[in-house]
Amino acid sequence: MTLRARVLLMSAVAQRRGTLRRAFLARQGIPSGPEASSTTSAREASGALEETVRERTAELEAANAKLSRSLEQLHATQAQLLFADRLIALGRIAAGVGHEINNPLAFILSNLEYIHQELQQKEQLPERERQEVLEALAETRDGAERIRLIVRDLQTLSRSEDVGSGPSDVGAVVRTAAKMAMHELRHRARLVVECDGVPPVQGNGARLGQVFLNLLLNAAQAIVPGQVELNEVRVVASEAMPGRVVAVEVRDTGCGISPEHRERIFDPFFTTKPLGVGTGLGLAVCHGIVTSLGGTLTLESAPGRGSIFRVTLPVAGAFAQPPRQLDAAL
Numbered sequence: 003m004t005l006r007a008r009v010l011l012m013s014a015v016a017q018r019r020g021t022l023r024r025a026f027l028a029r030q031g032i033p034s035g036p037e038a039s040s041t042t043s044a045r046e047a048s049g050a051l052e053e054t055v056r057e058r059t060a061e062l063e064a065a066n067a068k069l070s071r072s073l074e075q076l077h078a079t080q081a082q083l084l085f086a087d088r089l090i091a092l093g094r095i096a097a098g099v100g101h102e103i104n105n106p107l108a109f110i111l112s113n114l115e116y117i118h119q120e121l122q123q124k125e126q127l128p129e130r131e132r133q134e135v136l137e138a139l140a141e142t143r144d145g146a147e148r149i150r151l152i153v154r155d156l157q158t159l160s161r162s163e164d165v166g167s168g169p170s171d172v173g174a175v176v177r178t179a180a181k182m183a184m185h186e187l188r189h190r191a192r193l194v195v196e197c198d199g200v201p202p203v204q205g206n207g208a209r210l211g212q213v214f215l216n217l218l219l220n221a222a223q224a225i226v227p228g229q230v231e232l233n234e235v236r237v238v239a240s241e242a243m244p245g246r247v248v249a250v251e252v253r254d255t256g257c258g259i260s261p262e263h264r265e266r267i268f269d270p271f272f273t274t275k276p277l278g279v280g281t282g283l284g285l286a287v288c289h290g291i292v293t294s295l296g297g298t299l300t301l302e303s304a305p306g307r308g309s310i311f312r313v314t315l316p317v318a319g320a321f322a323q324p325p326r327q328l329d330a331a332l
């Protein structure tokens with residue numbers, strides 16, 4: 003057999019074997035040739051994709067858990083800052099409140115001593131002296147009521163728990179804050195409050211009181227003591243959007259704020275006061291409280307022309323959900 007004949011015979015045998023192999027694989031349902039290679043590649047790609055998805059899912063779950071823990075820590079820190087600012091505000095007004103309590107307490111004790119002596123010395127009192135004793139008792143009752151109200155206001159301000167959000171009377175909140183700040187105001191400026199006739203706002207009375215107390219104390223401290231007749235702090239409430247938004251402005255005739263300081267005035271721990279006098283938390287906390295209630299806190303000021311802090315708050319029940327921002331509406 004020639005070489006050519008042998009090559010042709012081997013080629014024919016190989017083709018026959020290939021035909022038989024393909025027939026056998028086809029009978030068994032197993033793909034062969036390019037199809038087998040393609041199927042294997044597809045299976046490998048699918049397995050790699052599933053593994054990648056599992057890895058990414060695990061990474062996302064871990065990141066989500068970490069984010070949840072960070073959010074919880076942020077809420078806890080925020081609550082601590084709010085309470086710390088309340089304690090700072092209480093410290094700032096402690097001396098003045100002590101003076102406010104001592105005044106009525108002094109005439110309570112004086113009147114009680116007078117009544118005690120009168121009743122000891124005389125079994126029956128003439129009508130004129132009887133009237134004097136009754137008047138002293140009435141004054142004593144008024145003084146005791148004044149002390150009770152001061153203590154109640156202190157308790158309202160110092161609450162650390164979040165008592166929820168609901169309709170709040172702006173006028174009542176501002177008047178309570180004004181009483182607490184009066185020890186700073188009385189020697190610096192006249193206080194004018196025009197907050198009647200506006201609807202209740204959505205908020206928390208204790209937290210709103212903290213906001214307006216801080217704003218009033220800042221307004222007072224921007225005015226040099228001793229010229230009460232020349233200076234004024236005015237609190238005015240109005241409906242910026244009737245039935246929807248209430249705006250409360252705290253205006254003062256103080257020294258004003260420079261442009262470079264206005265840009266940072268709501269930053270935490272930023273203060274223009276001397277070291278040891280201010281912490282820089284007050285206005286930052288005020289801004290956080292107001293924005294958490296769906297409102298805004300803004301400032302207008304210029305050196306030598308006083309300042310206007312403007313608080314906007316949604317009217318109670320005006321929105322199905324608290325608005326994210328009121329800036330676009332005002």
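Numbering-wise (my numbering), the sequence shown opens with residue 3 and increments by one.
Using N, Cα and C, we set each Cβ at its ideal position, and we do this for glycine too.
Unbroken alpha helix (DSSP H) stretches of 4 residues or longer found wholly inside the segment 179 to 212: none.
For the pair residue 252 and residue 217, the CB atoms are nearer than the 7 Å cut-off. Each residue's CA atom was taken as its position, placing residue 225 and residue 176 some 20 Å apart.
Our two residues, residue 222 and residue 194, have alpha carbons roughly 13 Å apart in a direct line. Judged by DSSP in its simplified three-state form, residue 295 adopts coil rather than helix or strand. Annotation for residue 261: the continuous alpha helix (DSSP H) segment containing it runs 261 to 264.
Rounded to the nearest whole angstrom, the C-alpha separation of residue 210 and residue 149 is 22 Å. At a Cβ-Cβ threshold of 7 Å, residue 197 and residue 239 count as neighbours.
In this chain, the beta strand (DSSP E) harbouring residue 168 covers 168 to 170. Of the residues 189, 106 and 63, the one whose Cα lies closest to the Cα of residue 139 is 106. Secondary structure of residue 121 (DSSP, three-state): helix. With contact defined as three or more Cβ pairs closer than 8 Å, the segment 66 to 77 and the segment 109 to 124 are not in contact. For residue 315, the enclosing beta strand (DSSP E) begins and ends at 309 to 316. Collapsing the DSSP output to three states places residue 127 in coil. Going by beta carbons, residue 145 and residue 109 fall inside the 7 Å limit. Measuring C-alpha to C-alpha distances from residue 255 to each of 262, 303 and 292 identifies 303 as the nearest.
CA-to-CA, the gap between residue 174 and residue 82 works out to about 26 Å.
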